[in-house]
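Chains as they are written, first to last, in the numbering used here: chain A, 1 to 327; chain B, 1 to 316.
In structure tokens, the structure reads:
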């Protein structure tokens, strides 16, 4: 088992290296921070720009290959992921951003999972009845709604509630009000900021789990081993919960393993719409500012998170499925 | 995506076996039986026609500014109103729908083609070729596509700037859209290669290309057709989502995503600017979703959809 996981991890390390390098070349050849510097007042001369960028390790006069070597050297020797055009260190900002994303996504991911799986089981047990049709149609409807627009509609709804009550109950953007007193007011403020994004992400997030869980359970409800269980005298519900449910949970467990690390990458759309300065918003902003190093670091980070998810998924399968043996 | 077997359909199976009907006709008839799917097709074709011919409904185009009607609601002059800059919304929506449908069709169609060829070659050659191709595929799955889209479309570099943003978006979406299906095609094709009828055909000396055409393609056909419509939906949604948060398509190019995204700032003062393109997007993706199920049933060689039986399960 350990040897297998080790081998997988090694392959992923090679992959991450390749994707990150490819990403660096793409970023370094298409992002040109020097052009943005020209908009500053007073406008710096091209020599001044080149000089300040050279000090930051972003020399625009070097060719992509030289810059790649310089950048890679920094990472390998000092674990230094470089600096932004405004002088900030990528390493310094990274931790805070991850924390913000984690705070935003933790609650909604847990809620999404629990509600999605529960509704999936509920609708599968009542296949083609009214409840099933309502729940499943809703899930399909969510599928044709792009995430940012869905979040925006929730935002509009929250603003509508605020207007109707005449008081600011929900905050639709940001993570906290500056200068709030600690203690009870701070807690209320926190909840008011969390409520809308968490609600939006949960309500539009469970559809995938619901459809998957319903489908897998229905696939198994008519399987031979469930029929055997019924023949032995179990009721339909007992047979489903004891036998079909366990098997049908295996593929869902796999997708859960992919979701857990995704907490730390956050969501680009949710962070952009609700203005939470987490990892996603940072990357989008950085790319807007033509920041090569942040873009590449985020690309690498995303790949690492994906690899962890894939290995966790493998691990989860061997854990919950007794039929799988890994040599 | 399993096909749930309807008990009523099985009764009719024996009766239908007597008549020999051409394959194309069977597919067509099966599709036409699914009322939801036909309605979806009708809506989609109507939108397609609207995007091509909509320009004749209005005398305005997407560049002309009407200084007398700036930010006005729907009126006889401007059927859907005008934008804050005084540009006719109908002309913008026509253009946006065309761009969105175009992106969807190109990305959906080409990505299915790539994934079918890639997946089948992996299964067909096997061994070293398979593992190298799988490595490339997984490496691509790993990359966060949204970051690459953002880098590619917001770069200030000269080489990429000359391309229109929609072309760039198509290229990037295409690059990141085929891997999931390719992996599915690979596993399906691999299991099909083990089937008795494929083995029998091989021992009979049937050429490989004919085996692929006769036995592999029809069996994965329903998956590919389904993936085509799903790919279109996915590409349209991705375009809207990306353009909405400001990466993807950029002005002066117009698409549904650009229109929706641009209108969110002033929903209360210019509601038509937001709701009209959003409705069009809904109709577009909704009609495709309605077609999905009918298409899957129509192309599935083991489909049990016969006669009136299928009308009972039109929704699932």
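Even glycine gets a Cβ: it sits at the ideal position worked out from N, Cα and C.
Does residue i have its Cβ less than 8 Å from a Cβ in chain A?
| i | result |
| --- | --- |
| residue 296 of chain B | no |
| residue 152 of chain B | yes |
| residue 310 of chain B | Because residue 310 of chain B carries a pLDDT of 42, less than 50, the predicted location of this residue cannot be relied on, and the following value inherits that uncertainty. No, residue 310 of chain B lies away from the interface with chain A (no Cβ there is under 8 Å from its Cβ). |
| residue 144 of chain B | yes |
| residue 111 of chain B | no |
| residue 139 of chain B | yes |
| residue 108 of chain B | no |
| residue 282 of chain B | yes |
| residue 244 of chain B | yes |
| residue 97 of chain B | no |
| residue 64 of chain B | no |
Does residue i come out as helix, strand or coil in the three-state DSSP assignment?
| i | result |
| --- | --- |
| residue 89 of chain A | strand |
| residue 219 of chain A | helix |
| residue 52 of chain B | helix |
| residue 230 of chain B | helix |
| residue 32 of chain A | coil |
| residue 158 of chain B | With a pLDDT of 49 at residue 158 of chain B, under the threshold of 50, the modelled position of this residue cannot be trusted, and the question is left open. |
| residue 205 of chain A | coil |
| residue 258 of chain A | helix |
| residue 128 of chain B | helix |
| residue 225 of chain B | helix |
| residue 181 of chain A | coil |
| residue 48 of chain A | helix |
| residue 99 of chain A | helix |
| residue 130 of chain A | helix |
| residue 71 of chain A | helix |
| residue 282 of chain A | helix |
| residue 7 of chain A | helix |
| residue 272 of chain B | helix |
| residue 20 of chain A | helix |
| residue 277 of chain B | helix |
According to the Cβ coordinates, are residue i and residue j closer than 8 Å?
| i | j | result |
| --- | --- | --- |
| residue 200 of chain A | residue 150 of chain A | yes |
| residue 97 of chain B | residue 51 of chain B | yes |
| residue 244 of chain A | residue 316 of chain A | no |
| residue 291 of chain B | residue 116 of chain B | no |
| residue 137 of chain B | residue 183 of chain B | yes |
| residue 213 of chain A | residue 309 of chain A | no |
| residue 278 of chain B | residue 249 of chain B | no |
| residue 119 of chain B | residue 186 of chain B | yes |
| residue 242 of chain A | residue 236 of chain A | no |
| residue 276 of chain A | residue 69 of chain A | no |
| residue 89 of chain B | residue 275 of chain B | no |
Run through the DSSP bridge pairs and tell me what residue i is partnered with.
| i | result |
| --- | --- |
| residue 82 of chain B | B:88 |
| residue 65 of chain B | B:87 |
| residue 83 of chain A | A:89 |
Give every residue of the same chain whose Cβ lies closer than 6 Å to the Cβ of residue i, excluding the five residues on either side of it in the sequence, and list them in chain order.
| i | result |
| --- | --- |
| residue 292 of chain A | 27, 28, 31 |
| residue 298 of chain A | 283 |
| residue 104 of chain B | 232, 235, 236 |
| residue 308 of chain B | In this prediction, residue 308 of chain B scores a pLDDT of 48, lower than 50, which makes its location untrustworthy; no coordinate-derived value is stated. |
| residue 186 of chain A | 180 |
| residue 116 of chain A | 206, 209, 210 |
| residue 321 of chain A | 250 |
Using a Cβ-Cβ cutoff of less than 7 Å, which residues in the same chain neighbour residue i once the five nearest sequence positions on both sides are dropped?
| i | result |
| --- | --- |
| residue 228 of chain B | 108, 109, 112 |
| residue 254 of chain B | 62, 92, 95, 96, 99 |
| residue 216 of chain B | 120, 189, 192 |
| residue 256 of chain B | 96, 97, 100, 240, 277, 280, 281 |
Within 8 Å (strictly less), CB to CB, does residue i reach chain B?
| i | result |
| --- | --- |
| residue 118 of chain A | no |
| residue 15 of chain A | yes |
| residue 10 of chain A | no |
| residue 302 of chain A | yes |
| residue 30 of chain A | yes |
| residue 201 of chain A | no |
| residue 23 of chain A | yes |
| residue 283 of chain A | yes |
| residue 27 of chain A | yes |
| residue 102 of chain A | no |
Apart from the five residues on each side of it in sequence, which residues of its chain come closer than 8 Å, Cβ to Cβ, to residue i?
| i | result |
| --- | --- |
| residue 5 of chain A | 311, 314, 315 |
| residue 172 of chain B | 145, 148, 149, 152, 153 |
| residue 114 of chain B | 174, 178, 182 |
| residue 196 of chain A | 154, 155, 158, 170, 171, 172, 274 |
| residue 27 of chain B | 298, 299 |
| residue 85 of chain A | 33, 36, 37, 53, 56, 58, 289, 290, 291 |
Task: Under 9 Å (Cβ pairs) to chain C, residues found in the region 307-321 of chain A - done: The structure shown contains no chain C; its protein chains are A and B.
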